[in-house]
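Residues in the sequence shown are numbered consecutively from 21, following this note's numbering. The block underneath contains the structure these notes are about, expressed in structure tokens.
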Amino acid sequence: MEDNSTKYDYLIVGSGFFGSICAYELNKKGYKVCVIESRDHIGGNCFTSNKNGINVHEYGPHIFHTSNEEVWKWINQFVTFNNFTLRPVANYKEEIYSLPFNMWTFSKLWNITHPDQAKRIIEQQSDHIKEPTNLEEQAIKLVGTDVYHKLIKGYTEKQWRKPTTELPKEIIKRLPIRFTYDNNYFNDKYQGIPIGGYTQIFEKLLDNIEVKLNTNYFTDTLPKHNKVIYTGPIDKFYDYKFGELEYKTTIFEHKELKINDYQGIAMMNYTDVEIPFTRCIEHKHFEFSNSENTWITYEYPIEYKADSTEPYYPVNDNENTKKYLQYKELADKELNIMFGGRLAEYKYYDMHQVIESALNFVQKI
């Protein structure tokens with residue numbers, strides 16, 4: 021049990037990657053650390069739970085990928101990765117297309133075989149757009165109108181709950197487009213899934229560290245501390261003084277099926293707008309399980325409401341960025357409170373980027 025008179029050097033708010041890494045590295049340096057977590061488990065959105073022999077990604081699929089050798093070596097202290105590579109498919113009204121967009125996609129769509137044929141078709145279909153100003157125009161410029169209408173428009177508008185004409189063009193630039201028959205989603209040198217799931221990483225990071233679950237930073241009594249590392253939503257920290265920041269959020273419907281295989285692949289995206297979910301995840305394929313049962317997850321985008329729904333990904337358009345910069349100006353003036361991570365920095369971080377950011381952050385302090 022904790023001695024109530026204990027004073028911690030650092031109170032860390034949140035046990036996702038950023039908070040847990042800070043706790044681990046600071047504890048290693050001899051600092052006394054306490055982590056508080058509003059949920060009933062550690063690991064943030066990377067939390068996995070073993071259900072009848074299958075590790076279920078409770079908050080959507082997390083595929084680790086990086087080309088940063090330092091980050092790769094660091095994470096491999098805690099877990100062994102398998103060689104899973106993400107090769108999802110798109111389902112448009114029962115037609116199956118390869119993702120990310122590559123020659124398999126173009127070949128099926130246009131009955132062609134050569135990259136130059138695909139480039140010519142895309143050029144013809146996007147010639148009317150000179151300088152893209154929104155996601156729709158950027159998508160058409162990159163892959164043409166056919167791919168846009170079948171595989172991008174419906175999926176994106178479901179996911180973001182906004183017309184593609186109102187979304188920033190930068191979002192679509194994250195999606196790889198290849199004029200080869202390579203359907204590996206990521207370009208990174210190192211890729212995989214932790215054998216046994218992600219939660220074990222956080223158990224090791226937070227071993228011998230005081231962790232308080234179901235603890236709200238804003239309403240619960242906190243242990244005594246000198247400094248705070250806050251990884252929650254920055255707008256909530258300042259009581260939405262400049263207005264709420266917008267996030268993309270999702271609800272996850274998990275189902276166990278008493279069959280060996282449901283869809284034959286880890287991730288299937290549903291790109292027509294009539295189907296309410298964006299994708300279906302079959303978790304056993306992440307770790308190549310031969311179990312007689314399977315777990316699937318349907319992902320349904322919903323409207324984000326501060327304090328009542330989980331914030332997942334920031335909507336980094338101009339309006340939200342202006343608000344965030346006002347909050348950041350306040351945060352930069354804090355003496356004993358530091359901010360880091362996806363929610364506190366309002367950044368669309370991947371896992372390897374959060375790890376790199378956290379390691380750099382701890383070095384600075």
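Note that beta-carbon positions come from the ideal geometry of N, C-alpha and C, so glycine has one too.
- Message: Within the continuous beta strand (DSSP E) that includes TYR237, where are the two ends?
- Response: The residue given as residue 237 occupies position 217 in the sequence shown. Taken as a continuous stretch (DSSP letters only), TYR237 belongs to no beta strand (DSSP E), as it is neither H nor E.
- Message: With three or more beta-carbon pairs closer than 8 Å as the criterion, would you say the stretch 197–215 touches the stretch 83–99?
- Response: yes
- Task: Could you name the residues of the same chain whose beta carbon sits closer than 6 Å to that of MET21, not counting the 5 residues immediately before and after it, in chain order?
- Result: By one-based count along the sequence shown, residue 21 stands at place 1. Reliability fails at MET21, whose pLDDT of 39 lies under 50, so the model's placement of it is uncertain and the value that follows must be treated cautiously. Answer for MET21: no residue qualifies.
- Item | Counted within 10 angstroms of its Cβ, other Cβ atoms place SER377 as buried (16 or more) or exposed | The sequence position of residue 377 within the sequence shown is 357, counting from 1. Buried.
- Query: Mapping DSSP to helix, strand and coil, what is VAL99?
  - Reply: Your numbering for residue 99 matches position 79 in the sequence shown. VAL99: coil per DSSP, three-state reduction.
- Query: Under 7 Å from any heavy atom of the ligand MG, does the C-beta of LYS209 make it?
  - Reply: This structure lacks the ligand MG, and indeed carries no ligand of any kind.
- Item | Cβ neighbours of ASN246 in the same chain (closer than 6 Å, five flanking residues each side left out) | As a working mapping, residue 246 is identified with position 226 in the sequence shown. Around ASN246: ASP29.
- Task: Give me the Cα-Cα distance between TYR324 and GLU294, rounded to the nearest whole angstrom.
- Result: Reading the sequence shown from its first residue, position 304 is the one you call residue 324. Reading the sequence shown from its first residue, position 274 is the one you call residue 294. The alpha-carbon atoms of TYR324 and GLU294 are separated by roughly 21 Å.
- Note down the Cα distance separating GLU143 from LYS161, rounded to an integer number of angstroms. Along the sequence shown, read from residue 1 onward, the residue named residue 143 stands at position 123. Along the sequence shown, read from residue 1 onward, the residue named residue 161 stands at position 141. Going from the Cα of GLU143 to the Cα of LYS161 covers about 8 Å.
- Given a threshold of 16 other Cβ atoms within 10 Å of its Cβ, counted over all protein chains shown, does GLY73 qualify as buried or as exposed? By 1-based counting over the sequence shown, the position of residue 73 is 53. Label assigned to GLY73: exposed.
- Task: Give the DSSP-derived three-state secondary structure of GLN283 in the structure shown.
- Result: Working through the sequence shown from its first residue, we reach residue 283 at position 263. Residue state, collapsed to three classes: coil.
- Message: Just to confirm the assignment, what range does the beta strand (DSSP E) spanning SER118 have?
- Response: To locate residue 118, count along the sequence shown from 1; it is residue 98. Start and end: 115–118.
- Task: Grab the span of the beta strand (DSSP E) containing GLY212 for me, first residue to last.
- Result: In the sequence shown, residue 212 corresponds to position 192, counting from 1. DSSP places GLY212 inside the beta strand (DSSP E), whose first and last residues are 210–212.
- Task: Let me know the secondary structure DSSP gives SER309 once reduced to three states.
- Result: Along the sequence shown, read from residue 1 onward, the residue named residue 309 stands at position 289. Note: SER309 maps to coil in three-state DSSP.
- Does the count of Cβ pairs from the stretch 272–289 and the stretch 301–311 closer than 8 Å reach three? yes
- Message: Let me make sure I understand the geometry here. Which of ASN111, ILE141, GLU276, ASP292 has the alpha-carbon closest to that of THR176?
- Response: Position 156 of the sequence shown, counted from the first residue, corresponds to residue 176. Checking every option, the nearest Cα to that of THR176 belongs to ASP292.
- Item | Of the listed residues ARG362, GLN283, LEU233, ASP327, nearest to ILE62 (C-alpha basis) | For the purposes of this step, residue 62 is identified with residue 42 of the sequence shown, where counting begins at 1. Here the closest residue by C-alpha is LEU233.
- Task: Determine the closest residue to ASN313 out of GLY50, PHE257, VAL76, with distance taken between C-alpha atoms.
- Result: Position 293 of the sequence shown holds residue 313. If we check each option's Cα against that of ASN313, VAL76 comes out closest.
- Message: Just to check my reading of the structure: ILE34 and CYS66 have Cβ atoms closer than 8 Å, yes? What is that Cβ distance to the nearest angstrom?
- Response: Here residue 34 corresponds to residue number 14 of the sequence shown, with the count starting at 1. Here residue 66 corresponds to residue number 46 of the sequence shown, with the count starting at 1. A small correction: the amino acid at residue 34 is Gly; Ile does not occupy that position in the sequence shown. At roughly 12 Å, the Cβ-Cβ gap does not stay under 8 Å, so GLY34 and CYS66 are not in contact.
- Exposure label - PRO331; buried when at least 16 CB within 10 Å: What you label residue 331 is simply residue 311 of the sequence shown in a count that begins at 1. That one is buried.
- Item | Close beta carbons around PRO183, own chain, < 7 Å, minus the five adjacent residues each side | Locating residue 183 in the sequence shown gives position 163, where the first residue counts as 1. Around PRO183: GLU177.
- Query: What's the call for PRO334, buried or exposed, on a 16-neighbour Cβ count within 10 Å?
  - Reply: Position 314 of the sequence shown, counting from 1, holds the residue named residue 334. Buried is the call here.
- Message: So for ASP166, helix, strand or coil by DSSP?
- Response: Along the sequence shown, read from residue 1 onward, the residue named residue 166 stands at position 146. DSSP places ASP166 in helix when its eight states are reduced to three.
- Message: Just checking: is the beta-carbon of TRP94 within a distance shorter than 8 Å of some beta-carbon in chain D?
- Response: In the structure shown, chain D cannot be found, because there is only a single protein chain.
- Message: Spatial neighbours of ILE229 within its chain, please: C-beta separation below 8 Å, excluding the five flanking residues on both sides.
- Response: Stepping through the sequence shown from its first residue, residue 229 is reached at position 209. A distance below 8 Å between beta-carbons, with the five flanking residues on each side excluded, links ILE229 to the following residues of its chain, in chain order: ALA43, TYR44, ASN47, VAL53, CYS54, VAL55.
- Message: Between which two residues does the beta strand (DSSP E) holding PHE84 run?
- Response: Sequence index remark: in the sequence shown, residue 84 carries index 64 (1-based). Run containing PHE84: 84–86, per the beta strand (DSSP E) assignment.
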